[in-house]
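When you read off a place in the sequence shown, starting at 1, and then add 40, the result is the number in this note's numbering. For glycine and all other residues, C-beta sits at the position ideal for the given N, C-alpha and C. Model, not experiment: these values are computed from the prediction. Shown next, in structure tokens, is the structure this report addresses.
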Amino acid sequence: MKKICIISGPALGHVSRQLVVAEALARDEGYDVTFIVPDNGKESFIELIPRAGFKCMALPGHVMKGARYRAFADMVEPVLADLKPDALLYDLNPPLWLSALNTGDLPRFYLTNVFNTPVEPDPKSMDRFFESNAAEIAAERKARGLPEIGRASDL
Numbered sequence: 041m042k043k044i045c046i047i048s049g050p051a052l053g054h055v056s057r058q059l060v061v062a063e064a065l066a067r068d069e070g071y072d073v074t075f076i077v078p079d080n081g082k083e084s085f086i087e088l089i090p091r092a093g094f095k096c097m098a099l100p101g102h103v104m105k106g107a108r109y110r111a112f113a114d115m116v117e118p119v120l121a122d123l124k125p126d127a128l129l130y131d132l133n134p135p136l137w138l139s140a141l142n143t144g145d146l147p148r149f150y151l152t153n154v155f156n157t158p159v160e161p162d163p164k165s166m167d168r169f170f171e172s173n174a175a176e177i178a179a180e181r182k183a184r185g186l187p188e189i190g191r192a193s194d195l
């Protein structure tokens, strides 16, 4: 059976989009779907995932604040190594935590809002976020032995 891990952001909008995709992947393509979510004890959306019939691994912490994004990336890596998914889907603001995550050659898919895609001509919020955190991202990737990247879409 094909496996996919879905890393979801800490908000209902992220989870609801991903549940629609997860249901289609499971039903139409036969994927075994596991959600990986940050849990700081306040996210009531997490309960929606098992209710929809999917496995959910709630990892302690939050992906957007300070050094905690590194801890989240550190917790995700062994989960991915253990589950050995065929692909990774994520839907959250990824530059910090994803910049610290070593996914090797695992195929990755990013589900996002249209304003973060090439359809929108203005600078993307992800790009602005990446630019304002570029030095931190570069230092973290170097410390982890990951290659340099120039923009958020390289993730």
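- Aspartate 145 sits in coil when the DSSP states are folded into three classes, being neither helix nor strand.
- Alanine 127 and isoleucine 44 have their C-alpha atoms roughly 5 Å apart.
- Setting aside the 5 residues that flank it on each side, glutamate 188 is surrounded in the same chain by Ala178, Arg181, each with a C-beta closer than 7 Å to its C-beta; the list follows chain order.
- Proximity to valine 55 across Asp72, Ala98, Arg67 peaks at Ala98, based on C-alpha coordinates.
- Assigned with DSSP and collapsed to three states, phenylalanine 94 falls in coil, not helix or strand.
- Per DSSP, alanine 179 is one residue of the alpha helix (DSSP H) stretching across 174-183.
- If you look at aspartate 68, you'll find it in the alpha helix (DSSP H) that goes 52-69.
- The beta carbon of aspartate 167 is closer than 7 Å to those of Arg191, Ala192 in its chain, skipping five residues each way along the sequence.
- Taking 7 Å as the cut-off, the beta carbon of methionine 41 is found closer than this to the beta carbon of aspartate 72.
- If you look at leucine 129, you'll find it in the beta strand (DSSP E) that goes 127-131.
- Cα atoms of aspartate 79 and arginine 184: separation of roughly 24 Å, rounded to the nearest angstrom.
- Pairing leucine 123 with threonine 74 gives a Cβ-Cβ distance under 7 Å.
- The three-state secondary structure of isoleucine 189, taken from DSSP, is coil.
- For serine 84, the closest alpha carbon among the candidates Ala51, Glu171, Leu59, Ile76 is that of Ala51.
- In the structure shown, leucine 99 falls within a strand segment according to DSSP collapsed to helix, strand and coil.
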